[in-house]
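> Quick one: the structure is below, and I'll ask about it shortly.
Residue numbers (our numbering): 591 to 1146.
Take a look at the structure:
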């Protein structure tokens, strides 16, 4: 008789993403791998006296979700903080902020996240004087949902030492008012870094994003303990959402060290990839650190091997790099954080090291420049199975659509970022985007139709991390005013973009992302049959169990 399984899930509606057997009724787990996938009858002989039996009761069972674009440390730090999603107007904002401030009397900075660009009654300009009204007697700052713009009151700007402005890195801006002092709006990490450094975690949660460097001076033992506890909460939150693997988008040695310590103590609940973050102000010789990261961290639970780069900013702050002017701002095309020559050299060197590259590129000019750099790397180093990625791709020129498949570039996209997903409102027509851009904006299906590999993610904490919310956004798209393209996804394609194809993006398609005997026992159990759920209700479905490497990491 075959060895008994450690755990069996039966009475399931399993979607395997295994072409040889796309559906199954039961899954057996043993020793961290999938021992068998088949019918209840097929697996009955694997039951032993110590086998744990999970009755799926007709619910969908899937490979564990792979969150392909996340800021784990930053998202974890904001858990339990003040989230301003849905808050509108100065009265509501003031009430929320003052109530929160009353609970956090010891915080040097009253800090809030996810403040809409139009939070003050559709005004596009938010000043420090506005926020002085909200919080007149303490430093206060609030971050936009995209985490590319922060607004601060006078006390926060003064405490951060930037009330009178300061020199910042290219692509960042401390907006200066007519009186010669900071207006209150800080664009990009180089500008708002000194304010974020005032948060309860001292800004350590954002270093992998803002600088790519480690804390200086090094974190104390107490600070490390606090940061590990924060990351642990973040991992628990992800596991409760059905996530078994995550691709972090900010990175430094510090995060790797903390996660490695969590792994040693059994608290690394999700397989985690942490990249080397190359900023535009780093010398390219710093890429040697990426090689060091890859060599030091290279197991199935914690690994590196990827270089992350920002090519531009975001549309809402008009820092996304466009081929033509913003329609309501003649002469402005956003910010290119790397020149064509600089990025091509960075891509060639990273690719020659065998690194995977992922580039934040939102505007159509940024996307084109990234594709050009990847093409230059192929020309210099020869074509290989590099699986370089572009993150976001919110605006896309038609000429660049076929280049993803031609160059083997993975499109990493976030359904909840698009107005089609219903989480954020569409901009007024001909303000941020022109009508001729809309058919290709957030072009999930546009790229899928070419045969390009498409993966989905949240970009937490920009939007909630729960995969089912993003899957709902992709499957049940909204009808918007103007010539927006039809980017609606089938349920199977959306689920694949969060499982099978996420595994491909990390070169792990032979080990995870499918329910097949011999593969990693990364599994999520849903309470219902997803194929029978109204698409509009998919976001209401939450996992009842998450299994990573055969270990139950969450159970409702």
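Glycine residues also receive a C-beta, built at the ideal position from the N, C-alpha and C atoms.
Can you have a look at residue 766 and say buried or exposed, based on whether 16 or more other CB atoms are within 10 angstroms of its CB?
The residue labelled residue 766 in the question sits at position 176 within the chain shown. Its Cβ having fewer than 16 others within 10 Å, residue 766 is exposed.
> Note down the Cα distance separating residue 746 from residue 730, rounded to an integer number of angstroms.
Within the chain shown, the letter at position 156 stands for residue 746. Within the chain shown, the letter at position 140 stands for residue 730. One C-alpha to the other measures close to 6 Å.
> For a test of the three-state rule: what should DSSP assign to residue 916, helix, strand or coil?
By one-based count along the chain shown, residue 916 stands at place 326. In the structure shown, residue 916 sits in a strand (DSSP, three-state: E or B).
> State the beta-bridge partners of residue 739 as determined by DSSP.
In the chain shown, residue 739 corresponds to position 149, counting from 1. According to DSSP, residue 739 bridges with 777.
> Can you check which of these residues, 881, 894, 879 and 843, is closest to residue 863 by C-alpha distance?
For the purposes of this step, residue 863 is taken as the residue at position 273 of the chain shown. Of 881, 894, 879 and 843, the residue nearest in Cα terms is 894.
> Residue 900 to residue 1121, Cα distance in whole Å?
Position 310 of the chain shown, counted from the first residue, corresponds to residue 900. Position 531 of the chain shown, counted from the first residue, corresponds to residue 1121. Looking at the two C-alpha atoms, the distance is approximately 37 Å.
> Using a 10 Å radius around the Cβ and a threshold of 16 neighbouring Cβ atoms, would you call residue 715 buried or exposed?
On the chain shown, position 125 is the one that residue 715 refers to. Answer is exposed; the Cβ neighbour count stays below 16.
> Within the segment 818-901, note down every full beta strand (DSSP E) run reaching 3 residues or more, in order along the chain.
Qualifying beta strand (DSSP E) stretches, in chain order: 833-838, 861-863 and 896-900.
> If we count the other Cβ atoms within 10 Å of its Cβ and call it buried at 16 or more, is residue 958 buried or exposed?
Within the chain shown, residue 958 is the residue found at index 368, counting from 1. It is buried - the Cβ of residue 958 has at least 16 other Cβ atoms within 10 Å.
> Smallest Cα separation from residue 1101: which of 701, 735, 1026 and 861?
Here residue 1101 refers to the residue found at position 511 when the chain shown is read from its first residue. Ranking the options by Cα distance to residue 1101, first place goes to 861.
> Excluding five sequence neighbours on each side, which residues of the same chain lie with their C-beta closer than 7 Å to the C-beta of residue 1093?
The sequence position of residue 1093 within the chain shown is 503, counting from 1. Correct list, in chain order: 656, 1099, 1102 and 1103.
> Helix, strand or coil for residue 1032 per DSSP?
Here residue 1032 corresponds to residue number 442 of the chain shown, with the count starting at 1. Residue 1032: coil per DSSP, three-state reduction.
> How long is the line joining the alpha carbons of residue 594 and residue 1091, rounded to whole angstroms?
Position 4 of the chain shown, counted from the first residue, corresponds to residue 594. Position 501 of the chain shown, counted from the first residue, corresponds to residue 1091. Rounded to whole angstroms, residue 594 to residue 1091 spans 31 Å at the Cα level.
> Compute the Euclidean distance between the alpha carbons of residue 1150 and residue 623, then round it to the nearest angstrom.
Outside the shown range of the chain, which is 591 to 1146, sits residue 1150, and nothing can be said about it.
> Which partner residues of residue 995 appear in the DSSP bridge assignment?
Counting from one through the chain shown, the residue named residue 995 turns up at place 405. None, per the DSSP bridge assignment.
> Whole-angstrom Cβ separation of residue 1088 and residue 1061, contact assumed at under 8 Å?
Indexing the chain shown from 1 puts residue 1088 at position 498. Indexing the chain shown from 1 puts residue 1061 at position 471. Confirmed, about 7 Å.
> DSSP state of residue 805, grouped into three classes?
Within the chain shown, the letter at position 215 stands for residue 805. Correct three-state label for residue 805: coil.
> Once you ignore the five residues that flank residue 825 on each side, which residues in its own chain have a CB closer than 6 Å to its CB?
Within the chain shown, numbered from 1, the residue matching residue 825 stands at position 235. So the list reads 859 and 860, once near-sequence residues are dropped.
> Which residues mark the beginning and the end of the beta strand (DSSP E) in which residue 625 is found?
On the chain shown, residue 625 is found 35 positions in, with the first residue counted as 1. 623-628 is the span of the beta strand (DSSP E), which, as asked, contains residue 625.
> Taking residue 795 as the reference, give the member of 751, 840, 771 and 759 with the closest Cα.
Against the chain shown, residue 795 aligns to sequence position 205. Checking every option, the nearest Cα to that of residue 795 belongs to 840.
> So, with DSSP's three-state summary, where would you put residue 765?
Stepping through the chain shown from its first residue, residue 765 is reached at position 175. Strand at residue 765.
> Name the residue from 702, 736 and 680 whose alpha carbon lies nearest to the alpha carbon of residue 719.
Against the chain shown, residue 719 aligns to sequence position 129. Considering only alpha carbons, the answer is 680.
> Look at the Cβ atom of residue 608, then the Cβ atom of residue 997, and state whether they are nearer than 8 Å.
Counting from one through the chain shown, the residue named residue 608 turns up at place 18. Counting from one through the chain shown, the residue named residue 997 turns up at place 407. Taking 8 Å as the Cβ cut-off, residue 608 and residue 997 do not qualify as a contacting pair.
> My assumption, with CB atoms under 8 Å, is that residue 1055 sits in contact with residue 828. Please give the rounded CB distance.
Within the chain shown, numbered from 1, the residue matching residue 1055 stands at position 465. Within the chain shown, numbered from 1, the residue matching residue 828 stands at position 238. With a Cβ gap of about 6 Å, residue 1055 and residue 828 count as contacting.
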